[in-house]
């Protein structure tokens, strides 16, 4: 990571409004996607499976989409979703004074993505919980669906971007095991992390992710990265000091001299992550902070259909 002056961020001006705008933009665009027909109340339907009663098939939706969906009663729509956010120092890269929808670092991207998911879950009357960890288990709230609970979680998300974490390493596996112990009922679990771990702890990390699957939870790993800097290593060739934001260790070097070997090492690491996730049947999604939130919300929509179907 590049060493930069550290500022106390003011966070988002209005996180809830931004999240609502992200969701409304996503829903308005659904008619251009394979989910056409869900733009108004896509929570109210599920894919028809052969052998089920045809009594509740939505024939109007069939006429629009040429696909069979059944109407879902209110008591059937409720599911439980738990959001987990890695708040270690590496997630606060790059250091920024303020944030908006088009200018985010990794933690701000994760927070706005989580708030957007919460907006959809709120519309669908689903229960949502939140866990945050860094060098300790910072926050835990069980799944609930009330308006008061929703605002409490938004306030906690806002605090994450308003108070950058300095020199905080994390043992993700330790806290993921603790979270797994708390999730007693089957839930859809979304984890936002940049997956920066010491090599010796990768095995423990995937054991913890495997633990999250024990109670038949569906787990999605959003691998949050700054693709331009962390994957492409896109820096000019002026001499730079690269600082580990978690340990404080640093290297002085010319980026161009190490770009090729760095890209090769990172590509191998990312490939390993994908293979490990596939092994444990964990959905792996690379989440680039330079992109919009369509991939996040589309992943949610697909996983919700599978979870509820």
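In our numbering, the protein residues as written are 894 to 1202.
No residue lacks a Cβ here, since even glycine has one placed at the ideal position from N, Cα and C.
_Taking DSSP's pairing of strands, which residues face residue 1024 in a bridge?_
On the chain shown, position 131 is the one that residue 1024 refers to. Residue pairing from DSSP places residue 1024 in a beta bridge opposite 977 and 1033.
*For the alpha helix (DSSP H) that contains residue 1012, what are its first and last residues?*
For the purposes of this step, residue 1012 is identified with residue 119 of the chain shown, where counting begins at 1. Per DSSP, residue 1012 is one residue of the alpha helix (DSSP H) stretching across 999 to 1016.
_Among 1190, 1198, 1197 and 1196, whose alpha-carbon lies nearest the alpha-carbon of residue 919?_
Indexing the chain shown from 1 puts residue 919 at position 26. The shortest C-alpha separation from residue 919 is found at 1190.
_Considering only heavy atoms of the ligand PLP, does any lie closer than 7 Å to the CB of residue 1177?_
Inclusion of the ligand PLP in the displayed structure is not the case, the ligand content being empty and no account of it being possible.
*Closer than 7 Å by C-beta to residue 941: which residues in its own chain qualify, once you throw out the five before and the five after it? Chain order, please.*
Here residue 941 corresponds to residue number 48 of the chain shown, with the count starting at 1. Leaving aside the five residues that flank residue 941 on each side, the residues in its chain whose CB is nearer than 7 Å to its CB run, in chain order, 950, 961, 962 and 963.
*Would residue 1098 pass as a contact of residue 1066 if the rule is Cβ separation under 8 Å?*
As a first step, residue 1098 is located in the chain shown; it is residue number 205 there, counting from the start. As a first step, residue 1066 is located in the chain shown; it is residue number 173 there, counting from the start. Against a cut-off of 8 Å, the Cβ pair of residue 1066 and residue 1098 comes out as a contact.
*Backbone secondary structure at residue 929 - three-state DSSP*: On the chain shown, position 36 is the one that residue 929 refers to. Bear in mind that the predicted position of residue 929 carries a pLDDT of just 46, short of 50, making it unreliable; the figure below should be weighed with that in mind. When secondary structure is reduced to three states using DSSP, residue 929 falls in the coil class, being assigned neither helix nor strand.
_Delimiting residues of the beta strand (DSSP E) encompassing residue 1177_ = Stepping through the chain shown from its first residue, residue 1177 is reached at position 284. Counting along the chain, the beta strand (DSSP E) containing residue 1177 begins and ends at 1176 to 1181.
_Distance check for residue 1194 and residue 1145, CA to CA, integer angstroms please._
Numbered from its first residue, the chain shown carries residue 1145 at position 252. Numbered from its first residue, the chain shown carries residue 1194 at position 301. Residue confidence is low: residue 1145 scores 48 on pLDDT, short of 50, so the model does not pin down where it sits. Its coordinate-derived value is still stated next. Rounded to whole angstroms, residue 1145 to residue 1194 spans 44 Å at the Cα level.
*Inspect the beta-carbon positions of residue 1089 and residue 983 and report whether they are closer than 8 Å.*
To locate residue 1089, count along the chain shown from 1; it is residue 196. To locate residue 983, count along the chain shown from 1; it is residue 90. Yes, Cβ-Cβ distance for residue 1089 and residue 983 is below 8 Å.
_Exposure label - residue 998; buried when at least 16 CB within 10 Å_ = As a position in the chain shown, residue 998 is number 105, starting the count at 1. Result: buried.
*Which residue from 990, 1020, 972 and 1053 puts its Cα closest to that of residue 981?*
The residue you call residue 981 lines up with position 88 of the chain shown. Looking at the Cα atoms, 1053 is the closest of the given residues.
_For residue 1196 and residue 1081, believed in contact at Cβ under 8 Å, the rounded distance_ = Residue numbering aside, residue 1081 sits at position 188 when the chain shown is read from its first letter. Residue numbering aside, residue 1196 sits at position 303 when the chain shown is read from its first letter. Indeed they touch by this definition, with Cβ atoms about 6 Å apart.
*Express the C-alpha separation of residue 1109 and residue 1056 in angstroms, rounding to a whole number.*
Sequence index remark: in the chain shown, residue 1056 carries index 163 (1-based). Sequence index remark: in the chain shown, residue 1109 carries index 216 (1-based). Between residue 1056 and residue 1109, the C-alpha separation is close to 35 Å.
*Nearest-angstrom Cβ-Cβ length linking residue 909 and residue 975, presumed shorter than 8 Å*: Taking the first residue of the chain shown as position 1, residue 909 is located at position 16. Taking the first residue of the chain shown as position 1, residue 975 is located at position 82. Not a contact, Cβ separation roughly 20 Å.
_Candidates 922, 971, 959 and 914, of which the one nearest residue 1198 by Cα_ = Position 305 of the chain shown, counting from 1, holds the residue named residue 1198. It is 971 whose Cα lies nearest to the Cα of residue 1198.
*Does DSSP put residue 941 in a helix, in a strand, or in coil?*
Counted from its first residue, the chain shown places residue 941 at position 48. Judged by DSSP in its simplified three-state form, residue 941 adopts coil rather than helix or strand.
*Contact check, residue 1086 vs residue 1181, beta carbons under 8 Å*: As a working note, residue 1086 is residue 193 in the chain shown. As a working note, residue 1181 is residue 288 in the chain shown. In this structure, residue 1086 keeps its C-beta atom at 8 Å or more from the C-beta atom of residue 1181.
*asked:* Just verifying my parser: in three-state terms, what is the DSSP assignment at residue 1047?
replied: Indexing the chain shown from 1 puts residue 1047 at position 154. Of the three classes helix, strand and coil, the one that applies to residue 1047 here is helix, per DSSP.
*Locate the alpha helix (DSSP H) running through residue 1111, then write down its first and last residues.*
Taking the chain shown and counting its residues from 1, one reaches residue 1111 at position 218. First-last for residue 1111: 1111 to 1118, but that is the beta strand (DSSP E), not the alpha helix (DSSP H).
*What's the C-alpha gap between residue 1032 and residue 943?*
Residue mapping note: residue 1032 aligns to position 139 of the chain shown, counting from 1. Residue mapping note: residue 943 aligns to position 50 of the chain shown, counting from 1. For residue 1032 and residue 943, the distance between alpha carbons rounds to 43 Å.
_Once DSSP output is grouped into helix, strand and coil, what is the label at residue 1107?_
Locating residue 1107 in the chain shown gives position 214, counting from the first residue. In the structure shown, the three-state DSSP call for residue 1107 is coil.
*Under 8 Å Cβ to Cβ from residue 1051, same chain only, skipping five residues before and after it: list those, please.*
By one-based count along the chain shown, residue 1051 stands at place 158. Within its own chain, the residues whose Cβ lies closer than 8 Å to the Cβ of residue 1051, once the five positions on either side in sequence are excluded, are 904, 905, 908 and 1004, listed in chain order.
_For the alpha helix (DSSP H) containing residue 1086, name the first residue and the last one._
Residue mapping note: residue 1086 aligns to position 193 of the chain shown, counting from 1. Under the DSSP assignment, residue 1086 falls outside any alpha helix (DSSP H), being part of the beta strand (DSSP E) whose first and last residues are 1081 to 1086.
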